[in-house]
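Peer 1: Structure provided below as C-alpha cells; questions to follow.
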Amino acid sequence: MKAFREWSVAGAFGVLLVVLAIVAPSFFQFQPLLSLAAREAPSLIVTGGMALIILSRQIDISVGSQFALCGVTAGLLAGQNLPLPVVALACILAGAVLGALNGVLVAALGLPSIVVTLATMVAWREGLRWWRQGQFVDLPDGLQWLGMPQQTGQAFVIVVALVIFCALAVALRKIALGRFVYAVGSDEEAARLAGLRPRLVTFGVFVTMGALTGLAAMLNAIQSPQVDPKSGTGLELRAIAAVVVGGVAISGGRGSLWGVLAGALLLACIAPALTHLHVEAYWSRAIEGSIILLAVVADGIRQRKVATK
Amino acid sequence: MAAPLIHFKNIRKSFGAVRALRGVNFDLQAGEVHALLGENGAGKSTLIKIATGAHQPDEGVIEMEGHDLGRLGPAAAKRHGIACIYQQPALFQDLTVMENIALRLDPPSPTRRINWNARKQRAIDLLQRVGAEIAPQTEVRELSMPEQQLVEIACAVGAEARVVIMDEPTASLTRQEQERLFGIVRELRNRGVGVIYISHRLEEIFALADRVTVLRDGESVGTLLAGDIDETRLIRLMVGREMEQLYPPLRDAPATEDARPAALQLRNVSCAAGGVRDVSLAVRPGEVFGLAGLVGAGRTELARVLFGLTPADGGEILVQGVAKIIRSPRDAVDLGIAYVPEDRRRHGVVLELPVAQNVSLAIHRRLFRGGWLRFGAERKLAEKFIAQLAIKTSGPDAAAGNLSGGNQQKVALARWLATEPKILILDEPTQGVDVGAKSEIHRIVRQLAESGLAVILISSDLPEVIGMSDRIGVMRGGRLTAVLPRKSPAETVMSAALGRGDEGAAA
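Line by line, the protein sequences give chains D and W.
To get this note's numbering, take the position in the first sequence, counting from 1, and add 62.
To get this note's numbering, take the position in the second sequence, counting from 1, and add 39.
Here you go:
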C-alpha cells in the first residue's frame, strides 16, 4: 500500500483515541484538550522544521537551546515596550540567525551536523545561564494570549501552528525547493551531478529550522506571564522522535509531513492519555521510547527487504 | 620441471549472469616473476581475488606444489603463504606501522600480553629488509602511497609469503621509487618467492617478467616466455577478438568536415586537482568523439572538468566558439553541457525519487516557472522519454531504485536529454548493462549524434569505443596522447593507451 507507514501511525493514533473513548471518555473534555493542544503547538512547529532537517540527511539538536534563547530575547524586547509585531519578527529573526550559524558550519565547512549542533546546543544553553543567571523574564501585562481571552488565545496559537505546518507540508510537495530537499537528502552527490546546489539547500534548511524555532518560541512565550530561561529543554529529542515515528528515514530523503503530523499527535497524547487511563505517569516515557524503537525497527526491516530485493 | 608453486587449472567464475572467468590456466614457479596482462575487465582482479581466497571459483582446481588446496578462504590463503599487495594499500590508517605489521603477522589473540619491544624490533628488521626508511611508530596516514606499499611488502616478507601478488604496484610511483620496487621484486625472486606481477605498463613487464600470461574476456589466451615476448604479439593477444557485436552504422561523411564551429573546443586544458594535463581537442556537432584509455588515464577526470565538478585551472574551454568559464555543474548546464556519470558510482539517478522526478531534476527552472511544481507537465515529459528511450518501468511514479541498471542508465540519460543539451558527455554508459540494453543505448547515442548533438563517449570497452566513434581520442596519464580516425584497429588504440607508438598514431 502506498504511504503504508503514514497510515499505520495514523491508525495507531486512531486506536489510542478509540480506547480512550471507551475506557476513559473523560479525556475528551474541551478545555483540557484545548490546553493540551496549545501547549504542544510550538513543538509541532519545531517538529515540522526538524522533518526538513532530517529529510535533508542532517540533524539539529540545538533547537531546544535556540528556543530558550529566542524566548528570552522576545521577552526582553517586549519588556522594552516595543510593538508586538516587532517583537515577533525579532524573535523569528533571532532564530534564523542561530540557524544560519549552524547552516554555515555544516554546509560551507562540511562539518557533521551532529557535532556542530551539539556544540551550539551547549553554547547557547550555557551562555543563556551565564547571561540571565536563571532569572525568569517578566512579560508586560498585555502580552499573555496577546490580550485575548485565554480560550481565544489558545485557539489562535493552535491555528497558527497548524497553518504553518500545513504550509510546510504543501511546500515540500508542491514547490521545487521541497523536491531539492528530498534529492539532497537521498543522494547529495547525485543532486550535485544534476546541477543542484546541495550546500545552498542544506544552508536554507538550517535557516528555516531556526526561523521556525523562533516562531515556536514566540508562540510559547505568549502562553504564560513569564519566560522560563530553561524552556525548550528536551525539545530537540521530542521533535526528532516525532519525525522518526512519523516515518521519515533518519538517513534522509524519504517520508512525508503527514506522517510526521500523525507521529507528533501520537507522542503528544501518550502522557495525558496514560493519566486518564490511570497508569502511573512514569510509564509514559517508557511507552514513548518503545514506540520510537518500534518505528526504527520497522524501518530497519523495510530497508533490509528493499536491499535484498 | 618441479610441480609449480601454485597452479590454477581451468578456473571458472560467474557473478550472476556475468561470466568473469571462463577457463583460466595459470602457473607460477618458485623464484619466478610471472606477469599477468589484460584489458580492463579481462578478469585479472577476479583471478587475484580467487588466489587470495576472497572469492571461490565455481569450477577448477588450485594446486600448490601438486597438492589440491581445496576450498581456499582468506585465512587458508594466508596460511599457505599467499600475499597480495593491492594498488591501494589496505592498511589501517590510524594505527602505526608496527601495529599494522603486528596485526597482519600475529595470530589474533585478544588476551595475550603485547610485547611491544619485540614488535618494534621486528618492524625495524622487516622495514630494513625491504629498504624502507620508515620509523615503526609512524602512523600510516602520514606515509606516502609508495611508503605504504613498502609496508605492505614488509608484511609479505614477514609472513614469509611464497606467492606475492602485486596489483599495478607502480601506478602511483615516481621513476626512482619504481626502480627501488623492481629491486625488491628481484630480491624476492632470488629468494625463491614466486611473484605474480600485474601491470599495464609493457616496459615494466619487459624489465621484470620471466613469463607473461595474457587474459582476454576471462580466458587465458597465451603464456609466453620472456625471450619470446614482443610488443605487437602481446597487444594482438590482448585485443585479438572479433567484433562480436554489431554497432549502428556510422554516417557516410565524417562530421569533421563540418564548416560550423566546434560545439566544444579545449585548448590546453589542465586541472591539477583532477590530474588532467594540457588537453586540446575539438568536438563538432553531430560527432561522436570516443575517449579510450585505461582506468585512471584521466577520462572521467576530464569529464568532471568539463562539467564544472573540478574546474579547470589552466587552458581555455570554448563552447560554440566562445571562450567560457565553467565553475559549477550549473554553469555547465547553462552552456548546454550534459554529463551522464558512470553507472558504477550510482549517482546518475536519485534512487529514492520516482522516475518522473529524476527526469525533471535538472530542468526545474524551465519546467516549473515560479517554483510551483506542475505534476502534469512533469508526467508528460517523463512519459515521452519512457517511450522514446524504451525505459522499462511500471510507470513515471516508480522509484528509480526499483529499475534495472540499464533502465536506470536510461533515466539518467533522459534527465540530460530533457535539458536539450548541445554537448553530451557519456561516461561508461553501458557498464554493467545487459547486452540488449547495451545495443539500445548504442542506437540512442547514434540517433542523438545524428540529430546534431556533440557526443563525448568515454568507454573502456574497446569494440564499443571503436564501433561507435567518429574519432577516437586516447588518454594516458591525464593527457590526450592520440586522436585516431574512425574504425582504427583495436591494436592501434590499445598501443596508444599503453603508451606505445604515440608518435606515429597522433593525428
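Each residue gets a CB set at the ideal place from its N, CA and C atoms; glycine is no exception.
Please compile the residues from chain D whose C-beta is within a distance smaller than 9 Å of the C-beta of W:Leu456.
Peer 2: As a working note, residue 456 of chain W is residue 417 in the second sequence. Here the premise fails: no neighbours, minimum Cβ distance about 13 Å.
Peer 1: Does DSSP put W:Val494 in a helix, in a strand, or in coil?
Peer 2: For this step, residue 494 of chain W is matched to residue 455 along the second sequence. Reduced to three states, the DSSP call for W:Val494 is strand.
Peer 1: Against chain D, which members of the stretch 358–378 of chain W pass a CB distance test of less than 8 Å?
Peer 2: Per Cβ criterion, the list reads Ser367, Pro368, Arg369, Ala371, Val372 and Tyr378.
Peer 1: Where does D:Val81 fall in DSSP's three states?
Peer 2: Within the first sequence, the letter at position 19 stands for residue 81 of chain D. The answer is helix: DSSP assigns D:Val81 an H, G or I state.
Peer 1: Have a look at W:Leu276 and W:Ile223 and give me their C-alpha separation to the nearest angstrom.
Peer 2: In the second sequence, residue 276 of chain W corresponds to position 237, counting from 1. In the second sequence, residue 223 of chain W corresponds to position 184, counting from 1. Taking the straight line joining both Cα atoms gives about 29 Å.
Peer 1: State the beta-bridge partners of W:Tyr236 as determined by DSSP.
Peer 2: Taking the second sequence and counting its residues from 1, the one referred to as residue 236 of chain W is at position 197. W:Tyr236 is bridged to W:Ala74 and W:Met205.
Peer 1: For D:Gly309 and D:Val71, which I take to be in contact (beta-carbon distance under 8 Å), what is that distance rounded to the nearest angstrom?
Peer 2: Here residue 309 of chain D refers to the residue found at position 247 of the first sequence. Here residue 71 of chain D refers to the residue found at position 9 of the first sequence. Their Cβ separation, rounded to whole angstroms, is 6 Å, which keeps D:Gly309 and D:Val71 in contact under 8 Å.
Peer 1: Look up D:Glu342 in the DSSP assignment and give the residues it is bridged to.
Peer 2: What you label residue 342 of chain D is simply residue 280 of the first sequence in a count that begins at 1. D:Glu342 pairs with nothing; no bridge assigned.
Peer 1: Excluding the five sequence neighbours on either side, which residues of its own chain have a C-beta within less than 7 Å of the C-beta of W:His17, listed in chain order?
Peer 2: The structure shown does not extend to residue 17 of chain W, since chain W spans only 40 to 546, so no value can be given for it.
Peer 1: Are W:Arg454 and D:Ala256 close, meaning C-beta to C-beta below 8 Å?
Peer 2: The residue labelled residue 454 of chain W in the question sits at position 415 within the second sequence. The residue labelled residue 256 of chain D in the question sits at position 194 within the first sequence. Contact flag set, yes.
Peer 1: Between W:Leu303 and W:Ala493, is the Cβ-Cβ spacing less than 8 Å?
Peer 2: The count along the second sequence starts at 1 and reaches residue 303 of chain W at position 264. The count along the second sequence starts at 1 and reaches residue 493 of chain W at position 454. A contact, by the Cβ cut-off of 8 Å.
Peer 1: The alpha helix (DSSP H) with D:Thr179 in it runs from where to where?
Peer 2: Mapped onto the first sequence, residue 179 of chain D falls at position 117. Segment Ser175 to Arg194, the alpha helix (DSSP H) holding D:Thr179.
Peer 1: Apart from the five residues on each side of it in sequence, which residues of its chain come closer than 6 Å, Cβ to Cβ, to D:Ala278?
Peer 2: For this step, residue 278 of chain D is matched to residue 216 along the first sequence. Result list for D:Ala278: Pro104, Ile107 and Val108, in chain order.
Peer 1: If contacts are defined as beta-carbon pairs under 8 Å, then W:Gly506 and W:Tyr286 qualify, I think. What distance do you get, rounded to the angstrom?
Peer 2: Translated into the one-based positions of the second sequence, residue 506 of chain W becomes position 467. Translated into the one-based positions of the second sequence, residue 286 of chain W becomes position 247. With a Cβ gap of about 3 Å, W:Gly506 and W:Tyr286 count as contacting.
Peer 1: Name, please, each residue of chain W whose Cβ falls closer than 8 Å to the Cβ of D:Ser248.
Peer 2: Looking up residue 248 of chain D in the first sequence gives position 186. Neighbours of D:Ser248 on chain W, chain order: Val389, Leu390, Glu391 and Leu392.
Peer 1: So what's W:Tyr378 in DSSP terms, helix, strand or just coil?
Peer 2: For the purposes of this step, residue 378 of chain W is taken as residue 339 along the second sequence, with counting starting at 1. W:Tyr378 falls in the strand class under three-state DSSP.
Peer 1: In angstroms, rounded to a whole number, what distance separates the CA positions of W:Leu305 and W:Gly354?
Peer 2: Walking along the second sequence from the start, residue 305 of chain W turns up at place 266. Walking along the second sequence from the start, residue 354 of chain W turns up at place 315. Approximately 8 Å between the Cα atoms of the pair.
Peer 1: At which residue ranges does the stretch 91–170 of chain D contain complete beta strand (DSSP E) runs of 3 or more residues, listed in the order of the chain?
Peer 2: For the stretch 91–170 of chain D, not a single whole beta strand (DSSP E) run of length 3 or above is found.
Peer 1: In chain W, which residues lie with their C-beta within 7 Å of the C-beta of D:Ile237?
Peer 2: Position 175 of the first sequence, counted from the start, is the residue given in the question as residue 237 of chain D. Under the 7 Å cutoff, chain W gives Gly410, Trp411 and Leu412.
Peer 1: Considering only heavy atoms of the ligand COA, does any lie closer than 7 Å to the CB of W:Leu144?
Peer 2: The ligand COA is absent from the structure shown, which contains no ligands of any kind.
Peer 1: Any beta carbon from chain W within less than 8 Å of D:Ile115's own beta carbon?
Peer 2: Along the first sequence, read from residue 1 onward, the residue named residue 115 of chain D stands at position 53. So no, D:Ile115 is outside the interface.
Peer 1: My output table needs one value for W:Gly347: the three-state DSSP class, helix, strand or coil.
Peer 2: Indexing the second sequence from 1 puts residue 347 of chain W at position 308. The answer is coil: DSSP assigns W:Gly347 none of H, G, I, E or B.
Peer 1: Does the distance from the C-beta atom of D:Leu274 to that of D:Val307 stay below 8 Å?
Peer 2: As a working note, residue 274 of chain D is residue 212 in the first sequence. As a working note, residue 307 of chain D is residue 245 in the first sequence. Contact: no.
Peer 1: I need the straight-line Cα distance from W:Ile464 to W:Arg338, nearest angstrom please.
Peer 2: If you number the second sequence from 1, residue 464 of chain W lands on position 425. If you number the second sequence from 1, residue 338 of chain W lands on position 299. The straight-line gap from Cα to Cα measures roughly 11 Å.
Peer 1: Please confirm whether W:Ala342 has its beta-carbon closer than 8 Å to some beta-carbon of chain D.
Peer 2: Taking the first residue of the second sequence as 1, we reach residue 342 of chain W at position 303. False, the Cβ-Cβ gap to chain D never drops below 8 Å.
Peer 1: Using a C-beta to C-beta distance shorter than 7 Å, which residues of chain W count as neighbours of D:Glu251?
Peer 2: Residue 251 of chain D sits at position 189 when you count from the first residue of the first sequence. Neighbours of D:Glu251 on chain W, chain order: His386.
Peer 1: Given 8 Å as the limit, is there contact between the stretch 153–169 of chain D and the stretch 122–142 of chain D, that is, 3 or more CB pairs closer than that?
Peer 2: Touching, per the Cβ criterion.
Peer 1: So with Cβ pairs under 8 Å, would you call D:Gly257 a contact of chain W?
Peer 2: Here residue 257 of chain D refers to the residue found at position 195 of the first sequence. With 8 Å as the cut-off, D:Gly257 counts as an interface residue toward chain W.
Peer 1: Given 8 Å as the limit, is there contact between the stretch 203–214 of chain W and the stretch 170–177 of chain W, that is, 3 or more CB pairs closer than that?
Peer 2: With the cut-off at 8 Å, the stretch 203–214 of chain W and the stretch 170–177 of chain W do not touch.
Peer 1: Would you identify the three-state DSSP class for D:Ser352, choosing helix, strand or coil?
Peer 2: Locating residue 352 of chain D in the first sequence gives position 290, where the first residue counts as 1. Helix.
Peer 1: W:Gln160 to W:Gln187, Cα distance in whole Å?
Peer 2: One-based indexing of the second sequence puts residue 160 of chain W at position 121. One-based indexing of the second sequence puts residue 187 of chain W at position 148. If I take the Cα positions, the gap works out to 19 Å.
Peer 1: Could you compute how far the alpha carbon of W:His409 sits from the alpha carbon of D:Phe90?
Peer 2: Residue numbering aside, residue 409 of chain W sits at position 370 when the second sequence is read from its first letter. Residue numbering aside, residue 90 of chain D sits at position 28 when the first sequence is read from its first letter. His is not the amino acid found at residue 409 of chain W; the sequence shown has Gly there. Going by the C-alpha atoms only, they are around 44 Å apart.
Peer 1: Do you know whose CA, among W:Thr213, W:His106 and W:Leu166, lies nearest W:His46's CA?
Peer 2: Locating residue 46 of chain W in the second sequence gives position 7, where the first residue counts as 1. Here the closest residue by C-alpha is W:His106.
Peer 1: Looking at D:Gly133 and D:Ser293, is the spacing between their C-beta atoms short of 8 Å?
Peer 2: On the first sequence, position 231 is the one that residue 293 of chain D refers to. On the first sequence, position 71 is the one that residue 133 of chain D refers to. It is a contact, given that the beta carbons lie within the stated cut-off.
Peer 1: Taking 8 Å as the cut-off, does the stretch 126–143 of chain D touch the stretch 189–201 of chain D (at least 3 CB pairs, one atom from each stretch)?
Peer 2: Short answer: they touch.
Peer 1: Using beta carbons (cut-off 8 Å, strictly below), is D:Arg261 in contact with chain W?
Peer 2: As a first step, residue 261 of chain D is located in the first sequence; it is residue number 199 there, counting from the start. Not closer than 8 Å to any Cβ of chain W, the Cβ of D:Arg261 fails to qualify, so no.
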